[in-house]
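In this text, residue positions in the first sequence follow my numbering: the first is 817, and each later residue adds one. Right, one structure below, let's go through it.
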Amino acid sequence: MKLPTDPYKGVRDFYPADMAMQKKIFNIWRNAVEKYGYEEYGASVLEPAELYRAKSGEEIVNKQTYTFIDRGDREVTLRPEMTPTVARMVASKKKELIFPVRWYSIPNLFRYEQPQRGRLREHWQLNVDIFGIESIQAEVEIIQIACDITRAYGLKDSDFEVRLNNRKVMNYVAKEVFSLTEEQAQKVSKLIDKKDKIPADIFADGIKEILGDNAPKFLTLLNSKNFEEFAKQLPQTKEEHEGLKEIKEVISALEKLGITNTRFDQTLMRGFDYYTGIVFEVFDKNPNNRRSVFGGGRYDDLLSLFGGEKVPAVGFGAGDVIARDLIETYDKVLVEAATADFCICILGNENTPFALEVAQSLRDKGQKVAVDFSGRKVGDQIKSADKRKIPKVICIGDDEVKTGKYKIKDLATGEESDM
RNA sequence: GUGGCUAUGGUGUAGCGGUAGCACACGAGCUUGUGGAGCUCUUUGUCUGGGUUCAACUCCCAGUAGUCACCCCA
């Protein structure tokens, strides 16, 4: 009876090479957000199931999450996303926090789903949120950070674009312009989400089914080439004006910051219900790899779930799996696991004590030192150090013990130098 | 959760209803205080469990895992 060596379904092992990449990604994330003054927070992977139930509904909690009953009869969920957690944390200290609160975290998240490439049961995600700012300055800053990170992955501005939409606009269109019921609006938005995946005529049929005679008008609106064309088709009331104005303002503010690859996208919906205003996605335009790199938006009402007055909030999330893909595609700088700076080869077991002494003295100076205890021939020990990419070796044998001196051999050049 | 496709040494791959081959990697040696090349040799495998058959890595069924699509999408 052998135990399998495979990891659990849908999760990854991180061997040193994978871990080196993971560290590189996390460093990119940390550097970017800390430049803007964001502070790191953390929380447990365990949350009471009701935290998600409140927002996501019965089905999501039962089918899409790891939820179980603990020994004390509590219903526990492995967090599938970080936003409810951070909302909970901010709401809990609302009175003592100094707003605006700028926080980030790199949590591992779990979802119970059929795994496939780029869609695993456990992944890591950078979460960046800013609380307490009602103006679109919050969106601008958050999107700016997202762009910084995308560039740090190695993408040029021409490789990606920022797509923007506004829930206010879409709500207005659904309720006021087309007088849809809540249920109809829901169906339409799901359909719009799929627009690029399904053939145009099937999409049109779907719209027709829900909207009837209004379908052609709706389709024209949806197929608008750009912001102006879209805006022109809407009656100029106040409510409509606000959503559109926000989009325009965000785009022009970003432009002043040198971010010109933005685009209004009336078909951008994003799954979560809690978004209330601007939503955005950073999109990789590479034809082989067309995927959303980041997604986020404004969720002004979420913190009200925990009582008290409203706290405006804007945030985004960025996954490690896509970061890995992008860095491999665009960056191409090889990432290697850190090895030792020195390898100490021992010639004869009786010389081990002196070898350890030498190793320790180097460590005291801050060097990383590995000792070869294999007892093999020197040549083999050196060969092995070279294979492990350790740049320098020191051989300790009878002569070195006698004289107390040793030489450092640089494996790249083959030269030996006295210590 | 549903459906399609896939599964061969450590890795990457051939092959056939009748004794499973190759490359690289690993290990040993040529070379017992100095590596990287070369040559020689060795070790290691048909995902798991059933079935059909004289005989199954090959055909069939189930399971598991991967992958793709659906579902869902932080």
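Glycine residues also receive a C-beta, built at the ideal position from the N, C-alpha and C atoms.
- For Pro-864, the uninterrupted beta strand (DSSP E) segment begins and ends at 862–864.
- For Val-989, DSSP assigns no beta-bridge partner whatsoever.
- In the structure shown, Glu-1173 falls within a helical segment according to DSSP collapsed to helix, strand and coil.
- Phe-994 is not a Cβ neighbour of Phe-1046, given a cutoff of 8 Å.
- Distances from the CA of Lys-825 to each of Glu-855, Gly-888, Gly-858, Gln-930 were compared; the closest alpha carbon is that of Gln-930.
- About 5 Å separates the CB atoms of Asn-943 and Ser-921; that is less than 8 Å, so the two are in contact.
- Taking all protein chains in view, the Cβ of Arg-933 is surrounded by fewer than 16 other Cβ atoms within 10 Å, so the residue is classified as exposed.
- Beta-bridge partners of Ser-1108 (DSSP): Phe-1099.
- Here Gln-1197 is buried. Its C-beta has 16 or more other C-beta atoms within 10 Å.
- For the options Leu-1027, Ala-1069, Ala-1228, the alpha carbon positioned closest to that of Ser-1005 is the one of Leu-1027.
- In this structure, Ile-952 lies near Ile-1094, with their beta-carbon atoms less than 8 Å apart.
- DSSP places Gln-1183 in the coil class of the three-state scheme, outside both helix and strand.
- Here Asn-1039 carries a coil assignment [DSSP, helix/strand/coil].
- Relative to Ala-859, the option among Pro-832, Thr-883, Pro-896 whose CA is nearest is Pro-896.
- The residue among Cys-963, Pro-900, Asn-982 with its C-alpha nearest the C-alpha of Phe-1099 is Cys-963.
- One thing to note: Ile-1160 has its Cβ within 8 Å of the Cβ of Val-1185.
- Excluding residues up to 5 positions away in sequence, Val-1209, Glu-1232 lie with their Cβ nearer than 6 Å to the Cβ of Lys-1225 in the same chain.
- Around the beta carbon of Thr-893, 16 or more other beta carbons lie within 10 angstroms, which makes this residue buried.
- If you check the CB distance, Ala-1129 and Asp-1141 do not come in under 8 Å.
- In this structure, Phe-947 is the residue among Glu-891, Phe-947, Lys-1101 with its C-alpha nearest to the C-alpha of Ala-903.
- Of the candidates Gly-1123, Arg-1179, Gly-1131, the residue whose Cα lies closest to the Cα of Asp-945 is Gly-1131.
- Note that the C-beta distance between Gly-1111 and Gly-1133 is below 8 Å.
- Taken in chain order, the complete alpha helix (DSSP H) segments of 4 residues or longer contained in the segment 879–953 are 899–908.
- Exclusion of the five residues before and after Glu-1065 leaves Ile-952 as the residues of its chain whose Cβ lies within less than 7 Å of its Cβ.
- According to the DSSP secondary-structure assignment, Arg-1079 is paired through a beta bridge with Arg-979.
- The residues Leu-936, Arg-937, Glu-938, in chain order, have a CB closer than 8 Å to that of Val-827 in the same chain once the five nearest residues on each side in sequence are set aside.
- Considering only Ala-836, Glu-1173, Glu-863, Arg-1192, the residue with the shortest C-alpha distance to Glu-1216 is Glu-1173.
- If you compare the alpha carbons of Ala-1171, Ile-1206, Ala-907, Asp-1188 with that of Gly-1220, the shortest gap goes to Ala-1171.
- Shown here, Ala-1201 sits in a helix according to DSSP, grouped into three states.
- At least 8 Å separates the beta-carbon of Lys-1011 from that of Thr-1078.
- Around the beta carbon of Ala-1228, a 10 Å sphere encloses fewer than 16 other beta carbons of the protein chains shown; the residue is thus reported as exposed.
- Between Ile-959 and Met-1085, the gap from beta carbon to beta carbon reaches 8 Å or more.
- For Val-1217, the enclosing alpha helix (DSSP H) begins and ends at 1214–1219.
- Only buried fits Leu-971, as 16 or more other CB atoms lie within 10 angstroms of its CB.
- Taking every protein chain shown into account, the CB of Ala-1201 has 16 or more other CB atoms within 10 angstroms, so this residue is buried.
- Membership of Lys-1223 in any alpha helix (DSSP H) is not indicated; the residue belongs instead to the beta strand (DSSP E) covering 1223–1226.
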